[in-house]
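See structure below.
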């Protein structure tokens with residue numbers, strides 16, 4: 001089997017409120033205002049597909065949110081999204097590989113984040129056979145083409161793949177191409193799932 005794991009809130013806990021908190025501290029713009037104005041819209045999606053640079057994304061987002069930040073301040077906040085590793089998921093990934101399964105990561109991310117999390121959480125690379133990132137592929141979840149690309153690269157039919165993600169839209173995108181998809185709603189989802197599945 002091919003097991004495909006999302007990164008954020010599946011393997012690594014993330015929290016965008018931490019990002020907004022850092023930006024609020026730097027800019028003195030009230031946190032409530034930032035929470036109201038922060039949107040994952042087209043520039044966000046373009047950034048995840050690698051279509052615009054980190055600097056261009058920062059400039060657009062700061063203009064959208066009326067944030068007077070330097071790129072360094074923007075970056076410091078952007079990296080604050082990462083909270084910590086879910087060790088229990090890393091253990092599951094290792095167990096799956098030891099049983100002969102293929103284990104990969106498929107993440108919507110961006111260049112700026114990949115300057116941080118691979119060094120901060122080397123356990124992710126150590127537990128995966130391959131890592132597929134949206135900005136390298138020019139695609140992002142839930143676009144069906146990104147799941148098809150992973151299946152082609154792995155040379156596995158959709159019927160032999162299982163995908164885990166915390167986003168319902170991404171789950172639906174995977175199901176559209178025939179992949180079994182499990183919605184990760186909290187930290188108990190994966191341990192509970194594998195408690196009933198023989199590796």
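Numbering (my numbering), first residue to last: 1 to 199. C-beta: ideal position from N, C-alpha, C; glycine also. Everything numeric in this text was worked out from a predicted model, so none of it was measured.
Listed in chain order, the non-local C-beta contacts of residue 39 below 8 Å within the same chain comprise 64, local neighbours out to five positions each way being set aside. Rounded to the nearest whole angstrom, the CA to CA distance from residue 8 to residue 30 is 26 Å. Taking a 10 Å sphere around the C-beta of residue 191, we find fewer than 16 other C-beta atoms and assign the residue as exposed. Straight-line measurement puts the Cα of residue 168 at about 27 Å from the Cα of residue 126.
In the DSSP annotation of this structure, residue 4 is not part of any alpha helix (DSSP H); the continuous beta strand (DSSP E) holding it starts and ends at 2-5. In this structure, the CA atom of residue 129 is about 33 Å from the CA atom of residue 72. Two segments are said to touch when three or more pairs of C-beta atoms, one from each, lie closer than 8 Å; by this definition the stretch 131-141 touches the stretch 108-122. With distances taken between CA atoms, residue 189 lies nearest to 10 out of 3, 10 and 2. Residue 24 counts as buried, since no fewer than 16 other beta carbons sit within 10 angstroms of its beta carbon. The beta-carbon distance between residue 90 and residue 123, rounded to whole angstroms, is 5 Å. This is short enough to meet the 8 Å contact definition. Sequence-distant Cβ neighbours of residue 159 in its own chain, meaning closer than 7 Å and more than five residues away, are 178.
With a cutoff of 8 Å on beta-carbon distance, residue 58 and residue 22 are scored as not near each other. By the CB criterion at 8 Å, residue 182 and residue 1 fall outside the cutoff.
As computed with DSSP, residue 133 is found in a beta bridge with 107.
Contact between residue 164 and residue 5 holds: their C-beta atoms lie close to 5 Å from each other, under 8 Å.
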